[in-house]
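*Asks:* One structure follows; several queries about it will come next.
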Amino acid sequence: MKFIFSSMLLLSTLLSFAQSKSVPKFGSIKVEDFSIQSPLIDSSTEVVVLFDIGSSEFIGNTDGDFSLLFKRRQRMLIKKRTGFDDATINIPLYSGGNTASTEMLSDFKAATYSISNGKVVEAKLGKNDLLTEKESRSTTNKKFTFPALTEGCIVDYEYTIRSPFYSRLKSWSFQSENPILLSQYTVSIPRIFDYLITKRGYLPFTVNQGSTKYKSYMIKIPSNDPSESAEYINLAGDDVVHTWAIENSPAFKAENYVFTSLNHLTRVQFHLKSINYSATNIKSIVKDWYATSFDLLQDESFGKPINDINEWMQEDLVKLNDADPLIKAKNIYSFIRDNFTCNDYNDKWLTQSLKKTFQTKVGSVGDINLLLCAMLKKAGVEVAPVILSTTDNGKIDESLALLVQYNYVIVKAKIGNELFYLDATRPYLGFGILAEDCYNGPGRVIQSSPESVDFMTDAISDDAFTSILLLNDSTGNMSGKYYSTLGKYSSINFRQTFIKKSISEINKEVTKDYPSTYSFSNIIVDSLKQYDFPLSIQYDLKIKEEDQDLDLIYFNPMFNEGYKKNPFSSLERKHPVEMPFRLNETYMLTMDIPKGYAIEELPKSAKVTFNGNEGSFEYIVGKSDGKIMLRSKLNFKKAIFYPAEYEVLRNFFGTIVKKHAEQIVFKKIR
Numbered sequence: 011m012k013f014i015f016s017s018m019l020l021l022s023t024l025l026s027f028a029q030s031k032s033v034p035k036f037g038s039i040k041v042e043d044f045s046i047q048s049p050l051i052d053s054s055t056e057v058v059v060l061f062d063i064g065s066s067e068f069i070g071n072t073d074g075d076f077s078l079l080f081k082r083r084q085r086m087l088i089k090k091r092t093g094f095d096d097a098t099i100n101i102p103l104y105s106g107g108n109t110a111s112t113e114m115l116s117d118f119k120a121a122t123y124s125i126s127n128g129k130v131v132e133a134k135l136g137k138n139d140l141l142t143e144k145e146s147r148s149t150t151n152k153k154f155t156f157p158a159l160t161e162g163c164i165v166d167y168e169y170t171i172r173s174p175f176y177s178r179l180k181s182w183s184f185q186s187e188n189p190i191l192l193s194q195y196t197v198s199i200p201r202i203f204d205y206l207i208t209k210r211g212y213l214p215f216t217v218n219q220g221s222t223k224y225k226s227y228m229i230k231i232p233s234n235d236p237s238e239s240a241e242y243i244n245l246a247g248d249d250v251v252h253t254w255a256i257e258n259s260p261a262f263k264a265e266n267y268v269f270t271s272l273n274h275l276t277r278v279q280f281h282l283k284s285i286n287y288s289a290t291n292i293k294s295i296v297k298d299w300y301a302t303s304f305d306l307l308q309d310e311s312f313g314k315p316i317n318d319i320n321e322w323m324q325e326d327l328v329k330l331n332d333a334d335p336l337i338k339a340k341n342i343y344s345f346i347r348d349n350f351t352c353n354d355y356n357d358k359w360l361t362q363s364l365k366k367t368f369q370t371k372v373g374s375v376g377d378i379n380l381l382l383c384a385m386l387k388k389a390g391v392e393v394a395p396v397i398l399s400t401t402d403n404g405k406i407d408e409s410l411a412l413l414v415q416y417n418y419v420i421v422k423a424k425i426g427n428e429l430f431y432l433d434a435t436r437p438y439l440g441f442g443i444l445a446e447d448c449y450n451g452p453g454r455v456i457q458s459s460p461e462s463v464d465f466m467t468d469a470i471s472d473d474a475f476t477s478i479l480l481l482n483d484s485t486g487n488m489s490g491k492y493y494s495t496l497g498k499y500s501s502i503n504f505r506q507t508f509i510k511k512s513i514s515e516i517n518k519e520v521t522k523d524y525p526s527t528y529s530f531s532n533i534i535v536d537s538l539k540q541y542d543f544p545l546s547i548q549y550d551l552k553i554k555e556e557d558q559d560l561d562l563i564y565f566n567p568m569f570n571e572g573y574k575k576n577p578f579s580s581l582e583r584k585h586p587v588e589m590p591f592r593l594n595e596t597y598m599l600t601m602d603i604p605k606g607y608a609i610e611e612l613p614k615s616a617k618v619t620f621n622g623n624e625g626s627f628e629y630i631v632g633k634s635d636g637k638i639m640l641r642s643k644l645n646f647k648k649a650i651f652y653p654a655e656y657e658v659l660r661n662f663f664g665t666i667v668k669k670h671a672e673q674i675v676f677k678k679i680r
């Protein structure tokens with residue numbers, strides 16, 4: 011009780027300090043800080059975030075505008091060696107691709123603290139210990155690793171980022187993979203700036219309060235004439251101040267079948283809607299979709315190059331031409347998909363000219379797919395770019411035209427009366443097929459009359475079919491044929507893994523889980539390099555019974571095609587189950603009853619439904635004329651399942667696992 015009381019006292023003190031913008035001074039570490047106790051900490055805890063305090067405020071700058079000051083202070087207790095990776099910190103700095111306007115890091119402090127001979131020992135870092143890494147054309151990372159790490163040490167750091175990009179007011183997450191005893195964020199915003207504030211996640215705020223604070227800003231407006239002095243403007247008024255805090259934020263535990271933690275972490279985000287210089291002078295930053303699409307189509311880094319003459323591509327287009335518009339479009343698509351390499355799957359903008367991308371055959375997803383759009387348009391195909399958010403980028407709110415939410419661009423092509431959505435950046439994708447991570451909700455077609463298009467996982471399925479035929483042969487063994495057609499996405503995954511493998515490596519993989527009594531021949535993998543078609547696998551198989559005089563034979567009729575383990579083993583779940591597509595799996599077996607044996611025990615047929623008509627599982631077994639017929643069919647009409655449905659889903663798959671484990675028992679006829 012003493013430790014818990016002291017823990018709560020510390021939290022209360024920290025929260026009080028944080029609300030008054032006075033957290034424990036950097037370097038102020040006491041021996042008792044190393045033995046903090048909390049209900050969030052157990053024997054498995056690797057790292058505890060003691061506090062994570064952030065703030066953003068505006069200042070006047072010398073370029074005639076405002077800048078943002080973002081400050082962060084974090085202290086962590088590293089309890090285990092396995093938590094050392096968390097002592098490597100990455101600080102991203104944004105430049106927007108323009109080195110003249112970039113975020114600057116300052117006031118950096120970092121140190122590791124440990125106990126030696128009953129005293130606190132400090133190991134400091136300096137600014138020279140920061141490594142600089144270029145992540146993309148617009149982002150540079152400052153990275154550092156704390157020194158002198160030991161189990162039970164404390165790491166402490168703080169820094170300030172000065173940013174000219176007030177449209178990028180920093181978001182804040184109150185959760186991480188580690189427990190956080192206190193997380194707080196304060197923003198102070200001049201009234202001329204109108205931000206949309208969005209909140210995600212499920213944790214309640216300990217503090218959620220707003221207030222006003224009088225503040226003045228001195229802004230220097232430099233003169234364009236060297237002979238004239240700069241002008242200074244003093245703006246003053248009430249800032250809107252808001253503070254959010256959460257005490258005892260539990261560690262966010264990753265669960266399987268979750269697209270990204272961003273959809274579930276408790277956090278706040280800010281989107282600049284407008285700058286209200288006066289009641290009659292308002293600059294809209296977030297416009298409606300018509301105005302936003304118009305701007306994008308005129309943007310040199312997005313739509314304008316698509317509509318340029320682009321004569322430099324004409325010679326290659328002649329080679330790809332065909333009288334059939336669909337074949338012509340497929341030729342252009344295949345040319346780009348098979349000859350270009352994507353180096354950034356998280357950038358909807360052009361990072362270079364279309365011509366340079368065409369020449370180097372390397373570029374971002376924006377470079378490559380906007381080039382595809384331009385080539386198809388030049389060839390006479392009706393096209394438009396489509397922006398979307400991939401699954402790892404998180405869900406979006408499409409009610410507002412917030413471009414920062416979108417990280418990806420594809421192409422919509424209309425050929426005749428048929429629509430195709432194309433992505434030429436992914437190897438092995440067929441024409442009109444998008445990768446799984448593109449199905450994350452609404453996208454927006456950028457054209458004169460913009461429209462929304464839903465890319466929902468519920469709308470796509472992976473239709474797989476497998477059949478096995480087993481017959482008694484002249485040697486007293488069983489021989490037969492295996493045939494399987496993979497689903498659309500299973501085919502893509504198989505190609506990604508095996509298209510560059512040898513036939514022997516593929517054969518080994520296909521047959522690796524079978525017992526030694528099984529032998530295989532005539533293995534054929536069809537459509538491995540024909541990306542528009544589902545891939546199929548077929549082979550001849552023979553089962554040799556080592557002891558043909560057994561009284562009983564136990565035989566699993568599902569072979570290796572069944573569910574051996576429930577994918578949902580946890581008793582409860584906090585977040586939705588997000589499958590990448592709807593499951594639609596059919597398995598069929600037709601087999602002779604082995605010579606000299608009779609059926610002693612046959613699994614019973616079963617039919618189970620999920621939430622009425624939202625899913626079904628059938629396991630149908632029958633016998634006739636010396637043969638056994640089995641069909642197992644799993645079908646879902648949706649791919650997203652909410653926590654309230656989890657127990658039913660878990661039990662549903664539990665039934666499948668149980669049925670797929672059942673065996674046929676054959677008894678020797680004496």
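Numbered as in this note's numbering, the sequence shown ends at 680 without a single skipped number. Ideal Cβ placement from N, Cα and C applies to all residues, glycine included.
Tell me, please, which residues DSSP counts as bridged to T596.
*Replies:* Its beta-bridge partners are F475, K643.
*Asks:* I need the straight-line Cα distance from F15 to L135, nearest angstrom please.
*Replies:* Low confidence applies here, because F15 scores a pLDDT of 38, under 50, leaving its location unreliable; read the following figure in that light. Rounded to the nearest angstrom, the two C-alpha atoms are 34 Å apart.
*Asks:* Give the single residue among M114, P613, F368 whose Cα lies nearest to the Cα of F676.
*Replies:* Considering only alpha carbons, the answer is P613.
*Asks:* Could you tell me if W299 is buried or exposed, where buried requires 16 or more neighbouring beta carbons within 10 angstroms of its beta carbon?
*Replies:* Burial call: buried.
*Asks:* Give me the Cβ distance between I563 and A608, rounded to the nearest whole Å; I'm assuming they're in contact under 8 Å.
*Replies:* About 11 Å; that fails the 8 Å criterion.
*Asks:* From P437, I342, V391, pick the residue whose C-alpha is nearest to that of Y355; which is it?
*Replies:* Closest by alpha carbon: P437.
*Asks:* Taking E392 and T476 to be in contact with their CB atoms under 8 Å, please state how far apart those CB atoms are, rounded to whole angstroms.
*Replies:* Going by Cβ atoms, the distance from E392 to T476 rounds to 40 Å, so no, they are not a contact pair.
*Asks:* Of all the CB atoms in chain C, is at least one closer than 8 Å to the CB of S526?
*Replies:* Among the protein chains of the structure shown there is no chain C, as only one such chain exists.
*Asks:* Exposed or buried, T370, counting other C-beta atoms within 10 Å across all chains shown (16 or more means buried)?
*Replies:* Result: exposed.
*Asks:* Give the DSSP bridge partners of L551, in chain order.
*Replies:* G490, F530.
*Asks:* Grab me the residues of F304's own chain with a C-beta within less than 8 Å of its C-beta, minus the 5 sequence neighbours each way, in chain order.
*Replies:* Around F304: S458.
*Asks:* Taking the continuous beta strand (DSSP E) assigned at W7, which residues delimit it?
*Replies:* Here the chain has residues from 11 to 680 only, and residue 7 is not among them.
*Asks:* For K498, which three-state DSSP category applies?
*Replies:* Correct three-state label for K498: helix.
*Asks:* Would you be able to state if there are at least three C-beta pairs under 8 Å between the segment 259-271 and the segment 186-201?
*Replies:* Enough Cβ pairs lie closer than 8 Å, so yes.
*Asks:* Are P653 and P586 touching if we call contact CB-CB under 8 Å?
*Replies:* For P653 and P586, yes; Cβs fall inside 8 Å.
*Asks:* Which word fits D348, buried or exposed, when buried means at least 16 other C-beta atoms lie within 10 angstroms of its C-beta?
*Replies:* It counts as exposed.
*Asks:* Is the segment 199-214 touching the segment 115-130, taking contact as three or more C-beta pairs under 8 Å?
*Replies:* No, the segment 199-214 does not touch the segment 115-130.
*Asks:* When the distance is taken between beta carbons, is M385 closer than 8 Å to L444?
*Replies:* No, the pair does not count as a contact, with Cβ atoms beyond the cut-off.
*Asks:* Does DSSP classify H670 as helix, strand or coil?
*Replies:* H670: helix per DSSP, three-state reduction.
*Asks:* Consult DSSP for N685 and reduce its assignment to one of helix, strand or coil.
*Replies:* Because the chain is modelled from 11 through 680, residue 685 falls outside the range shown and cannot be assessed.
*Asks:* From which residue to which residue does the alpha helix (DSSP H) around K574 run?
*Replies:* Element bounds for K574: n/a, residue is neither H nor E.
*Asks:* Along the beta strand (DSSP E) that carries A133, what are the first and last residues, could you check?
*Replies:* That run of the beta strand (DSSP E) goes 129-135.
*Asks:* Could you spell out where the beta strand (DSSP E) holding A384 opens and where it closes?
*Replies:* No beta strand (DSSP E) contains A384, which is instead part of the alpha helix (DSSP H) from 375-388.
*Asks:* Contact between the segment 276-287 and the segment 422-436: three or more CB pairs below 8 Å?
*Replies:* With the cut-off at 8 Å, the segment 276-287 and the segment 422-436 do not touch.
*Asks:* At a cut of 8 Å, does the segment 497-505 reach the segment 329-338 through at least three beta carbon pairs?
*Replies:* Not touching, per the Cβ criterion.
*Asks:* Would you kindly work out how many angstroms separate the C-alpha atoms of A649 and K405, rounded to a whole number?
*Replies:* Cα to Cα, the separation comes out at about 16 Å.
*Asks:* Taking D377 as the reference, give the member of A389, K387, T361 with the closest Cα.
*Replies:* For D377, the nearest C-alpha among the options comes from T361.
*Asks:* Please look up how many angstroms separate the CB atoms of S471 and N594, rounded, as I've assumed it's under 8 Å.
*Replies:* With a Cβ gap of about 5 Å, S471 and N594 count as contacting.
*Asks:* With DSSP collapsed to three states, give me the class of A333.
*Replies:* Coil.
*Asks:* If you run the structure through DSSP and keep just helix, strand and coil, what is F504?
*Replies:* DSSP places F504 in helix when its eight states are reduced to three.
*Asks:* What three-state label does DSSP hand L432 in the structure shown?
*Replies:* Here L432 sits in strand by DSSP.
*Asks:* Pairing CB atoms from the segment 140-155 with CB atoms from the segment 98-107, are three or more of them under 8 Å?
*Replies:* Cβ pair count under 8 Å is three or more, so yes.
*Asks:* Would you list the one or two residues that DSSP bridges to F154?
*Replies:* I99, per the DSSP bridge assignment.
*Asks:* Have a look at G211 and D407 and give me their C-alpha separation to the nearest angstrom.
*Replies:* Cα-Cα distance, rounded: 15 Å.
*Asks:* Going by beta carbon distance, what residues of the same chain come within less than 7 Å of N266, once the five residues before and after it are set aside?
*Replies:* Closer than 7 Å at the Cβ level, and outside the excluded window around N266, lie P577.
*Asks:* Which residue wins for smallest C-alpha separation from S288, given the options W322, E582, L245?
*Replies:* Answer by Cα proximity: L245.
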